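So the sequence shown is residues -19 to -1, 1 to 129, counted in mature numbering (1 follows the signal peptide of the UniProt record, and there is no 0).
Inspection log for the structure reproduced underneath, given as structure tokens.
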Amino acid sequence: MRLSSASVLCLSLALSANASWLVVNNFCRKTLYLSNANQTSWTPPIQNVSTATSWTTKISGEGNQLGISLVEEYYNEDTPRFILGSSVKDGRLWWTVNSLKADPFDGEPFNVTAGSKECGFTKGYNLDVHNCPDGDFVLAFNPCVDNS
């Protein structure tokens, strides 16, 4: 079962209440293992995001790092990871994506959308740094989706 566009839209609308949010929509056929690190927690517990489910968190402060793997051994030094870094400073949200060790999705398409042209969009590891006014939108990571 896959997440429908309507369910993602409803989730996005429900979250956008004067704060920026980060959403992971798991369109993959495997469970995602994620770590949401920030200035106060650099080795947080791993959270599982099952197929056709979503995970959300409010974006706040500086030095946020969302790491995602397709294997349970997230903290193994050889585990390939997707990294989405973000910071909020002086009313602006900054974000970028990268990979660590290798592409954990092994060539499967993904995208990061923000619902605003000003906040940017990516569908690959291009190392662009995006920034926009913070507030009232959803930064969504969508792995295993068709980007055509």
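Glycine residues also receive a C-beta, built at the ideal position from the N, C-alpha and C atoms.
Note that this is a predicted model, so its numbers are computed, not measured.
Three-state secondary structure (DSSP) at residue i?
| i | result |
| --- | --- |
| V5 | strand |
| W76 | strand |
| A18 | strand |
| G44 | coil |
| T38 | strand |
| K70 | strand |
Check the DSSP bridge columns for residue i and list the partner residues they point to.
| i | result |
| --- | --- |
| L51 | L51 pairs with nothing; no bridge assigned. |
May I ask which residues mark the beginning and end of the beta strand (DSSP E) holding residue i?
| i | result |
| --- | --- |
| Q28 | Q28 to V30 |
| T60 | No beta strand (DSSP E) holds T60; DSSP gives it neither H nor E. |
For a minimum of 3 consecutive residues, which ranges assigned as the beta strand (DSSP E) are wholly contained in the segment 79 to 124?
91 to 94, 111 to 114 and 118 to 124
I'd like to know if the segment 90 to 106 and the segment 26 to 36 are in contact, where contact means that at least 3 CB-CB pairs between them fall below 8 angstroms.
no
So, does the segment 80 to 91 touch the segment 57 to 67, judging by three or more C-beta pairs under 8 angstroms?
Cβ pair count under 8 angstroms is three or more, so yes.
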